[in-house]
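These notes concern the structure reproduced below.
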Amino acid sequence: MICSDNIGRLRGSVSSLVFSYGSSDGNNISEVAYLGASKPGFDNHHAKKVTVLVSPSNKAIGKRYEELPNVRAIPFYLNAKTLTIHAMTMLMAFDEKAVKPMYMSIVESVLRDMATKSLSDNAPLNYHDFKNRIKNEGLDPKQKKTLDNRLKVLETFLDLNGRFPQPQYAPGEITIMDLSDNQLSSTTACILFKLGLENFLKSSATGKMVVLDEAHKYMGDTPGAKLFSDGLGRAIREMRHEGLRVIISTQEPTVANELIALCSVTIIHRFSSPTWYSALKKHINALDEEQNIMHQIEELSTGEALVYAPTAVLKENDDGSLVKATGRFLKIDVRDRVTEDGGESRLAA
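When we follow my numbering, the leftmost residue of the sequence shown carries the number 1338, and every step to the right adds one.
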C-alpha cells in the first residue's frame, strides 16, 4: 500500500477494499483508517487517501472517521441503475429467520419472470417496475407489511436517482466498507459486502487487495456470511487472474474455516485456546508434527508471531535448487508502524 524504502520494495501500489462490521456507537472504528496518517518522523508514509463507506443511518461513526487525517466518510449506496436481478435476489432472500418468509415465493417468481424477459439474471433491474409488479400480486395485509419492512431496509442503501458518489478504487487508496449499525444485522451486512466485493472486482484497478477486518464479528453461521464466504472463495481461487490478494484478520480461527483452508500464508500471534489450536491443525500439517508448537505460541511476546508459508522460498542452493519453508514455522518480529496506531491505547489498557 505504501511506497517507501523504509519498509520494503514496492513496484506499484494496489487498491484496497476493507470490510468491517461491529459496534455501532461510533467509538470502535476500523484501525485500518489510521493508515491515512503518518507517524511522527515518517512524513508522507501513509495511504494516499482513505474513503469509508458507512451505513446511511449511522451518522455518528462517519463523524468519528472524519476526525482522522486524510479520511473521508460517505454513505454507502447501491446505484439502483446498476443493480442486477441477481443482486436483488440476494438482497431480498435473506434475513435471520431459518424459515423462508411467505412473501419470498412471490418475490422469487417476479424476479424469475423479469430475468426470463431480460434473458439474464445479470441484466439491470428496473426497481420501480419490480415494486409495481409486487404491488399487483395481491399480497395479504400480513405479507404486505413484512415485505414492506424488508423493502424499507433495502431502500436505505439504494440510490434511486444516481445522486451519490461511488468509490473509485484508485491505486494507493483504501476503501473501508464499515456497515456497523444497530439497525443492520450481520447477515444483511454480509450480503452488502458480497455486492461490494463484486463491484470492486469489476473495477479497472490493476492490483487489488481485499481485507476482512476482525472477521469473527460478522462471519458467523448466518445465510449472509455463507453467501459472502462463497464469493470470497471463488475470488481467492481465481486471484491470479484478477490480480488479487486477500487478507483475513480474525481473533477466532474457528470461523470462516473454508477460507482459512485457502490461505497460502498463516501468521499466528499469541493465544492459549486449545479450541483455536485444534481449528488451525485442520489446515496446518506442521502442527501435527511439532508437539511443542502450542508452547511456542503461548510464549510469543507482543510483536512476535509464527509464520507458516509452505511455498515460500527461503534461499537458492549452489546447484540452483530452491529451499522452501515446507513443514516448518518461522518466528518473526513485526516491525514498528510508520503510520498512526489506532489500537495503541487499547493495548496499553
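Cβ atoms here follow ideal geometry from the backbone N, Cα and C, with glycine treated the same way.
Rounded Cβ spacing between residue i and residue j (contact assumed at less than 8 Å)
i, j, result
"Y1371", "T1676", "6 Å"
"F1501", "L1354", "18 Å between Cβ atoms; not a contact."
"V1408", "V1391", "Incorrect: roughly 11 Å between the Cβ atoms, too far for contact."
"A1552", "V1602", "That pair is no contact at about 16 Å."
"I1584", "M1546", "7 Å"
"E1535", "S1566", "Not really, about 14 Å apart at Cβ, beyond 8 Å."
"S1352", "A1507", "6 Å"
"S1586", "L1643", "Not quite, the Cβ-Cβ distance comes to about 16 Å (not below 8 Å), so this is no contact."
"Y1440", "L1484", "4 Å"
"T1525", "G1557", "About 13 Å separates the two Cβ atoms, so there is no contact after all."
"K1385", "E1510", "5 Å"
"L1420", "Y1464", "7 Å"
"N1444", "M1429", "Position check: residue 1444 holds Val in this sequence, whereas Asn was assumed. Contact holds; Cβ gap of about 5 Å."
"A1646", "A1662", "5 Å"
"G1544", "G1349", "6 Å"
"M1425", "L1462", "5 Å"
"P1406", "P1393", "Actually they do not touch by this definition, with Cβ atoms about 24 Å apart."
Coil, strand or helix - residue i by DSSP
i, result
"D1670", "strand"
"G1349", "coil"
"L1564", "helix"
"G1455", "It should be pointed out that residue 1455 corresponds to Ser in this sequence rather than to Gly. Three-state DSSP puts S1455 in a helix."
"G1420", "Per the sequence shown, the amino acid found at residue 1420 is Leu instead of Gly. Of the three classes helix, strand and coil, the one that applies to L1420 here is coil, per DSSP."
"A1685", "At A1685, the pLDDT of 44 sits below 50, so the modelled position is not reliable; the number obtained from the coordinates is stated separately. Residue state, collapsed to three classes: helix."
"M1425", "helix"
"I1339", "coil"
"S1375", "strand"
"S1357", "strand"
"L1405", "coil"
"R1665", "coil"
"V1675", "coil"
"I1584", "strand"
"I1344", "coil"
"I1443", "helix"
Residue interval of the beta strand (DSSP E) (run including residue i)
i, result
"T1525", "Counting along the chain, T1525 falls outside any beta strand (DSSP E), though it belongs to the alpha helix (DSSP H) covering S1523 to K1539."
"R1409", "V1408 to P1412"
"M1546", "K1545 to L1549"
"T1388", "K1386 to V1391"
Where the alpha helix (DSSP H) containing residue i begins and where it ends
i, result
"K1400", "K1396 to Y1402"
"M1576", "M1576 to E1579"
Uninterrupted alpha helix (DSSP H) stretches inside the segment 1457-1518 (no shorter than 4 residues) = If we require 4 residues or more, the alpha helix (DSSP H) runs fully inside the segment 1457-1518 come out as 1464-1472 and 1478-1492.
Completely contained alpha helix (DSSP H) runs for the segment 1589-1663, where each covers 4 or more residues = 1594-1597, 1611-1618, 1623-1626 and 1630-1635, all fully within the segment 1589-1663.
Does the segment 1649-1662 come close enough to the segment 1608-1626 that 3 or more CB-CB pairs lie under 8 Å?
-> By the Cβ criterion, the segment 1608-1626 is not in contact with the segment 1649-1662, since fewer than three pairs of Cβ atoms, one from each stretch, lie closer than 8 Å.
Between the segment 1467-1477 and the segment 1502-1515, do at least 3 Cβ pairs fall closer than 8 Å?
-> The segment 1467-1477 is not in contact with the segment 1502-1515.
Between the segment 1410-1417 and the segment 1486-1503, do three or more beta carbon pairs fall short of 8 Å?
-> Touching, per the Cβ criterion.
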